[in-house]
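Following the numbering used here, the numbering of the sequence shown begins with 79 at its first residue and continues without gaps.
A virtual CB, placed ideally from N, CA and C, is assigned to each residue, including glycine.
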Amino acid sequence: MEDYPKDLQEFDARFGTEAACRNYLMKLRWPEGFVCPHCEAKKAWAVREILWQCAQCGRQTSVTAGTIFQDTRTPLRVWFQAMWWLTTQKNGASALGLQRVLGLKHYQTAWTWLHKLRTAMVRPGRDLLTGTIEMDEAYLGGLEEGAPGRGTQRKALIGVAAQEDGRGIGRIRLQRLADASAQSLEGFIHTSVAPGSVIHTDGWRGYASVTKRGYAHKVTVVKGKSAHELLPRTHRVISLLKRWLLGTHQGAVGHKHLDYYLDEFTFRFNRRASTSRGKLFYRLAQQALLVEPRTYRMIVDQTAPAAPKHKGLGLPE
Ligand SMILES: [Zn+2]
């Protein structure tokens, strides 16, 4: 059952206390009732309102243990406000904006929170795109498009996968790529697109062997036509991404942290047709409970474009 507030008034009425926020997380994390994360027993008793003691193994668990809310000294109420604000802003939130809205003393706190919440925007075990998928790569960095050649080092190379939906775009996936080699591109395809789908690309040889990986391959090369006419969807996605990075974030996005922003953009884009903003809040809260806790240090030190580690759900990544 998807249960979420429909507007700010409902949000304020529902999540005014720690107990209300905790109960909401309880229902999201254990919809069928408590399950011990250590031994999977279902019997437990409450200790001091916030802990569950397992009747089988005796270990104590809180609803936030092992999630991004673990060890937070901030009231859940404030986390909820941050999630609400982040998901109800049409174009997303900057750290500065969040700091202002929540009245946080330090910019660093707001920045860290946003990054933590972004790690929850990629659904653990999310399903793969199917159908016909337009794929291309683009450089971000100087934020100008179409650098000739595919070996530029100073900029970040992004792989774009856009599901064709008639003349429009269905869902997307974005990923930072080490380079435009067949190995990198096939890695991206493997984590984004279900085998049996059609990969639609230009004539770049990096895509030439996808048919050996279980995909059909459609190549569009027309002399005298620009790439953006041949692959209009991926180009549209890239231009929206650039506009968003320059607008909401004023271009202040380090390469090192680009993955977080790609995740947020994908989360928003794939839910752009959702009529209810409350539903985005619901998804984010739900996914925040599935993501391993990350510290400020872990976020700052991240250098490799690695996907956030999730608890396995036994589903394909
Ligand atoms: Zn147990």
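DSSP state of residue i, grouped into three classes?
i, result
"L129", "strand"
"E118", "coil"
"S140", "strand"
"E215", "strand"
"E96", "helix"
"P273", "coil"
"E80", "coil"
"E370", "coil"
"Q364", "helix"
"K279", "One point to set straight first is that residue 279 is Thr, not Lys, in the sequence displayed. Correct three-state label for T279: strand."
"E110", "coil"
"R245", "coil"
"L235", "strand"
"Q253", "strand"
"A294", "strand"
"A91", "helix"
"A240", "strand"
"A173", "helix"
"D85", "coil"
"A124", "strand"
"A260", "helix"
"Q159", "helix"
"F359", "helix"
"R151", "coil"
"M376", "helix"
"G392", "Because G392 carries a pLDDT of 29, less than 50, the predicted location of this residue cannot be relied on, and the following value inherits that uncertainty. Coil."
"I267", "helix"
"K168", "coil"
"G284", "helix"
"K183", "coil"
"T353", "coil"
"T145", "coil"
Compare the C-beta of residue i against all C-beta atoms of chain C and say whether one is closer than 7 Å.
i, result
"R372", "As a matter of chain content, chain C is missing from the structure shown, which is built from one protein chain."
Does the Cβ-Cβ distance between residue i and residue j come in under 7 Å?
i, j, result
"G302", "F266", "no"
"R245", "E264", "no"
"D214", "T312", "yes"
"T326", "N101", "no"
"L358", "R349", "yes"
"T210", "V299", "no"
"L336", "R254", "yes"
"V331", "I250", "no"
"L340", "T145", "no"
"L309", "E242", "no"
"E370", "M199", "no"
"M104", "V156", "no"
"T139", "P109", "no"
"G248", "K233", "no"
"L182", "A171", "no"
"W130", "A122", "yes"
"L106", "Q365", "no"
"L195", "T344", "no"
Check each candidate in the options and name the one with the smallest Cα separation from residue i.
i, options, result
"D81", "I146, F147, R355, Y374", "R355"
"A216", "K168, Q131, L318", "L318"
"R137", "A124, A160, A260", "A124"
"Y185", "L252, L106, L174", "L174"
"R178", "L195, N169, A160, K194", "A160"
"R19", "G111, V297, T166, D85", "With the chain covering only 79 through 395, there is no way to say anything about residue 19."
"T152", "W191, K105, A171", "W191"
"A239", "T142, Y285, R92", "Y285"
"Y338", "A351, R372, T353, T150", "R372"
"G207", "L154, L182, L235, V271", "The question names Gly, yet the displayed sequence has Leu at residue 207. It is V271."
"A397", "G248, T269, V297, W282", "The first residue shown for the chain is 79 and the last is 395, placing residue 397 beyond what the model contains."
"H193", "F147, A119, H268", "F147"
"A258", "D280, Q134, P273", "D280"
So does residue i have its beta carbon nearer than 6 Å to some heavy atom of ligand 2?
i, result
"Q261", "Ligands present in the displayed structure are limited to ligand 1, and ligand 2 is not among them."
What residues sit near ligand 1, counting only those whose C-beta is closer than 6 Å to one of its heavy atoms, in chain order?
That gives C114, H116, C117, A119, C132, Q134, C135, R137.
Which runs of the beta strand (DSSP E) spanning at least 3 residues fall entirely within the region 296-348, listed in chain order?
Not a single unbroken stretch of the beta strand (DSSP E) spanning 3 or more residues falls wholly within the region 296-348.
Unbroken stretches of the alpha helix (DSSP H), 4 residues or longer, contained in the region 185-210:
Look at the region 185-210 and you find these whole runs of alpha helix (DSSP H), each 4 residues long or longer: 185-197.
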